[in-house]
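Residue numbers (our numbering): 695 to 890. The C-beta atom is built at its ideal place from N, Cα and C for all residues, glycine as well.
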C-alpha cells in the first residue's frame, strides 16, 4: 500500500494508456500530464542504462514545472533489448515486421526505467523482465500487425495482446513491467522515496 502524505499530489507524466490503467488498478490517485520529451540518449549506453537515462531525462525536463515538495512526478520509459540491439516503437509496417522477426524464437529483455521527481530530488530505478517467444511465422506476424496496434509499443507487441497470449512461452520477472510499469516495485520505491 502507498503511504503518501495527504497533501502530496501524484502526477504520471506519460501518454501510455497502459501505465494509466495499471496505476488506477493499483488504487493510486493521480493526475496525468502529457508532454513531448527529448528522447535522445548517448550512443555509448546499452540496455538498462538507456531506459534509466530516458526516464531520468524526462524527470529533469519537468523539474522546473514542478518545484514544489508537495508533488511527486512519475516518469518512465520502456525498451526492448535483444541481441545487443534496442527495439523501440515501430514507425511503420516494415519496421514492426522486422522487430517481431528479431524476437521470434528468442529471449529478449523488457526494461522499464522509472524516475520519481520531488522538488529537486530525483530517484531512478529500473526493472528487467526476460520474455521468451516461440518461433513466429510470417503469417503470424502479418496477422498481428494488421489486426492489432503494434505502433505504440516498445518491441512492437503488447504482452496482453493476441501475440503475447499465443506466442509467449516464458516470462521471468514482472508481467506488469512488460505491460508498461513495474507497479509493485514502483510502490515500494515510492514509499521509500517519500519517507526519506
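Distances from the CA of residue 711 to each of 852, 866 and 752 were compared; the closest alpha carbon is that of 852. In the three-state reduction of the DSSP assignment, residue 701 falls in the coil class. In the DSSP assignment, the residues bridged to residue 820 are 807. The criterion of a C-beta distance shorter than 9 Å is satisfied by residue 746 and residue 820.
A Cβ-Cβ contact shorter than 9 Å links residue 813 with residue 762. Each residue's CA atom was taken as its position, placing residue 804 and residue 835 some 19 Å apart.
For residue 753, the enclosing alpha helix (DSSP H) stretches over residues 742-756.
In this structure, DSSP gives residue 771 an extended state, which the three-state scheme calls strand. Put simply, of 807, 785, 883 and 881 the residue whose alpha carbon is nearest the alpha carbon of residue 749 is 807. Contact between the region 786-803 and the region 726-738 is absent: fewer than three C-beta pairs spanning the two stretches fall below 8 Å.
Residue pairing for residue 766: DSSP places it in a beta bridge opposite 704. The residue from 883, 713, 738 and 724 with its alpha-carbon nearest to that of residue 818 is 883. Contact annotation: residue 774 and residue 793 have beta-carbon atoms nearer than 9 Å. Our two residues, residue 752 and residue 824, have alpha carbons roughly 25 Å apart in a direct line.
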